Each structure stands twice: as structure tokens, then as C-alpha cells.
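The block underneath contains the structure these notes are about, expressed in C-alpha cells.
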Amino acid sequence: MTATSCDTLLPTYARLDVTFVDGEGAWLVDAAGKRYLDFVAGIAVVGLGHRHPAPLAAAQAQLERLWHVSNLYWTEPMQELAASLSQRVGGARAFFCNSGAEAVEAALKWARKATGRSEIVALEGSFHGRTLGALSVTGQPGKRAPFEPLVPGARFAAPDSLADHVGGETAAILLEPVQGEGGVHPLSSDVLAHARGLADAHGALLIFDEVQTGVGRSGSFFAWQELGVKPDAVTLAKGLANGLPLGALLVSQDAPTGFAPGDHASTFGGNPVACAAACAVVDAVDETLLAHVRTLSSLFASRLPVRGLGLLLALDTDGAAGDVVAAALERGLLVGSAGPRTIRLTPPLTLTEDEALHGLATLEEVL
Ligand code: PLP
22 MTATSCDTLL PTYARLDVTF VDGEGAWLVD AAGKRYLDFV AGIAVVGLGH
72 RHPAPLAAAQ AQLERLWHVS NLYWTEPMQE LAASLSQRVG GARAFFCNSG
122 AEAVEAALKW ARKATGRSEI VALEGSFHGR TLGALSVTGQ PGKRAPFEPL
172 VPGARFAAPD SLADHVGGET AAILLEPVQG EGGVHPLSSD VLAHARGLAD
222 AHGALLIFDE VQTGVGRSGS FFAWQELGVK PDAVTLAKGL ANGLPLGALL
272 VSQDAPTGFA PGDHASTFGG NPVACAAACA VVDAVDETLL AHVRTLSSLF
322 ASRLPVRGLG LLLALDTDGA AGDVVAAALE RGLLVGSAGP RTIRLTPPLT
372 LTEDEALHGL ATLEEVL
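As C-alpha cells, then:
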């Protein structure tokens, strides 16, 4: 069955007509046995590459022991992961869920509860997810319009007009350090510092949505470490468990706890198998891998007019991005898009230099 002939799925995606059956490192194999170099990595998810031995062994070992007990009880992988993420933040408490949108939902509820205020200031062009709360703070009117009315209290600012929107009713300023889905637009350290200053001046919270930029993709574990401005809370998902569903809201120990028992929950949140895999991922994102990400980022920038941070990169195309995606696929290279004329490159962080050069040569041919 080809993807286009499938009438048993709701048509929420315009899938390419390829079915993948195997993966290893930066390579995928389709049902016909054709190999592809993967510069998408499941949209910035499979950071360590397909079937990386560390999360694979950790998840397999946990599968053999215990799958699920609910959040009525403690499990070891969840506690271990919370401790290891807390260390990365410099002291934080975690709420675990299953996706990026859920992490943003948790952040929105936390900010309202912690401040007693209801307004969220987000940026024009931002993307925070497709659930109703996350969509309400997504700064792309075309994505919101068919689902209105949405959750009230969202305000959208341009980076240089934040001050016009933040005030005594602001619960939080919510920012992606690099706007991913909206076209890969990095925010400058100055904008982030300005947002930090505004939040502090008005008693609001500063939340960074690092669902896409987090877990090493920026060249630091968190993009805010690259940019030098620390938020009160951060959301993670995509790369956290290398492909198993896991999201997190991390609230800095200096910020208000906000939540009390009963305020928020997720049946599957903190699943032991996903958390075991994530512990292995967090351990693997060490200084050596982060240095490799920065080296590869420079290599891409030396060959193509890319913008972005670390291995979250994009370049604009003369024609339709979809044509470039299709032509690259034909030649055995997966690339993504982020807008009608923007190619997005989010390869595994473990991509080798040889693989990078091979993919770059293919992409140059296609462009
Ligand atoms: N936040 C950001 C910054 C994202 O890039 C995304 C997904 O692309 C989301 C939230 C939503 O994540 P999910 O698709 O896992 O719900």
C-alpha cells in the first residue's frame, strides 16, 4: 500500500510517498530497500541517530522490567531523569508529559497558577503546538483561524515591540530561542535579555519553548546557554528520548513552584521506558557531542547560505521548497521544509563529517 492510497487515516498530513522500515545512525531504509541519508531526524527528534545503542539498551532493559505504574507512585527512571535534567538547568523541578504541545500546555497552566494572571505574550510567527492552548499562543493566524474561538489572553508581539504588550496582567512571556516551525529565525541575545528585563520589571515569568532547540541541537544542551539568558521555565520534548514520546516542563528552583497536587496530570507522563531512554540521551549529550554539533554547524555554513543555530538550520529557496524536498528524496537525501520557500535541516547530532559532506553535495546538486 502506498501512502497516497491509504484511506484509513485522517488527512492531517501531506505525507511523501515513501514507507520507512529500518534505520541506523543517520540512514533510513525504505520498504523497497533504498537507502536515504536523513537530514530530518524525525523533525529534530532522533538526535543521537536511529537505533543509538545507549537509549536502545536503556529502553530495552526497562521494557524487560516495568512498563507503567501511573503517577500514583514513584519509578526510578523518572526520578533519575528529573535529577539529571535539574543538574543541567542548575536546579529545577520537572513535570513529565508525552509531547511538545503538552509541555507547553503545562507551562501555560503553571504560569497562570504561579502568578494569578492570565495573559501570555508570545511572538508573531511563533509555533508552540496544535492543542487548543498551545495553538492559542502560536503566532501564526492561519493556523489559529479555523479553530477559533481559542483560549483567551494571548498577545502577539514583534521582537522589538515586546514592551508594548507586557504589563501587570502578563503571566508569562513565551519565546522560542530559535523559531523553528516558523522558518528557523534565531532570536538575538539582546531580544532575550530585553524579555528577561521586561518579565522581571512586571512580575511576569519568562518561559523558553525549547521543544525543538533543546537537548543539544543548538550546540549547547539548552539554546539559552548559547544565548546567555536564563528563563524561569523551559519546555522540552522532541530530542529528549531520541524518538520515544516524552515531553517535560522544567521550572527553575528560583521560580515559583505554582502547581499543587491535583493541578495538573498526565496518565502516561514520565513513562518508565521513555524516561530510561531519556536518561541515556541526556548522558550522551556531553561536551564532546556539543563541540561536534558546533563543528558541523560551521561546516554547513561554509557550504550553504544557512541561518539558524547548531544543527537547526534553514536556507531559502528560489522555487517551492516542496520541489527541493522531492528532488532530494529522489536522490536519497531527506530534508524538511519550514514554510513554502524554506528548507529546514535538522540532521542527527551524531552525523559524521563524511555524511555531512555527502548530503551537502546532494543538496547542492538539487539546488
Ligand atoms: N513547540 C515547539 C517550539 C515546536 O517546534 C513544536 C513542534 O514542532 C511544538 C512545540 C509541538 O510539539 P509536538 O508536535 O510534540 O506537540
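Using our numbering, read the sequence shown as starting at 22 and increasing by one per residue.
We put the CB at the ideal spot given by N, CA and C, even for glycine.
Computed from a predicted structure; not experimentally measured.
Asked: For Pro98 and Val302, I'd like the C-alpha separation in whole angstroms.; Found: 12 Å
Asked: Under the rule that 16 or more other beta-carbon atoms within 10 Å means buried, what is Ala295, buried or exposed?; Found: buried
Asked: Given this structure, state the Cα-to-Cα distance separating Thr23 from Thr40, to the nearest angstrom.; Found: In this prediction, Thr23 has a pLDDT of 49, which is less than 50 and means its spatial position is unreliable; nothing more can be read from the coordinates.
Asked: Leu265: which of Gln200, Val67, Ile364 sits nearest, CA to CA?; Found: Val67
Asked: Any idea what DSSP makes of Leu372, helix, strand or coil?; Found: coil
Asked: Is the beta carbon of Gln83 less than 9 Å from the beta carbon of Ala297?; Found: yes
Asked: Taking Cβ positions, are Ser147 and Thr136 nearer each other than 9 Å?; Found: no
Asked: How big is the Cα-Cα spacing for Ser120 and Ser323?; Found: 34 Å
Asked: When every heavy atom of the ligand PLP is checked, does at least one fall within less than 8 Å of the C-beta of Ile141?; Found: no
Asked: List in chain order: all unbroken alpha helix (DSSP H) runs of 4+ residues lying wholly within the stretch 294-325.; Found: 308-324
Asked: Output yes or no for whether 9 Å exceeds the beta carbon distance between Ser273 and Asp304.; Found: no
Asked: Please report the distance separating the alpha-carbon of Ala335 from that of Trp95.; Found: 41 Å
Asked: For Leu69, which option in Asp221, Ala124, Leu384, Ala299 has the closest C-alpha, if you only look at C-alpha atoms?; Found: Ala299
Asked: In angstroms, rounded to a whole number, what distance separates the CA positions of Ala155 and Arg138?; Found: 17 Å
Asked: DSSP three-state call for Gln200: helix, strand or coil?; Found: strand
Asked: Could you name the residues, in chain order, whose CB is less than 6 Å away from a heavy atom belonging to the ligand PLP?; Found: Ser120, Gly121, Ala122, Val125, Phe148, His149, Gly150, Glu197, Gly201, Glu202, Asp230, Val232, Gln233, Ala258
Asked: For the stretch 304-319 against the stretch 341-352, do three or more pairs of beta-carbon atoms, one drawn from each stretch, fall closer than 8 Å, so that the two count as touching?; Found: no
Asked: Can you tell me which of the three DSSP states Trp88 falls into?; Found: coil
Asked: Are at least three pairs of beta-carbons, each pair with one atom in the stretch 206-213 and one in the stretch 325-345, less than 8 Å apart?; Found: yes
Asked: How many Å lie between Val345 and Val187 at the Cα?; Found: 40 Å
Asked: When you compare the CB positions of Val236 and Thr256, do they come within less than 9 Å of one another, or not?; Found: no
Asked: I'd like to know whether the C-beta atoms of Pro198 and Ser239 end up nearer to each other than 9 Å.; Found: yes
Asked: To the nearest angstrom, report how far apart Thr152 and Ala122 are at their CA atoms.; Found: 6 Å
Asked: Smallest Cα separation from Ala178: which of Glu169, Phe168, Leu195, Val172?; Found: Leu195
Asked: How should Val90 be labelled, buried or exposed, when 16 other C-beta atoms within 10 angstroms of its C-beta is the threshold for buried?; Found: exposed
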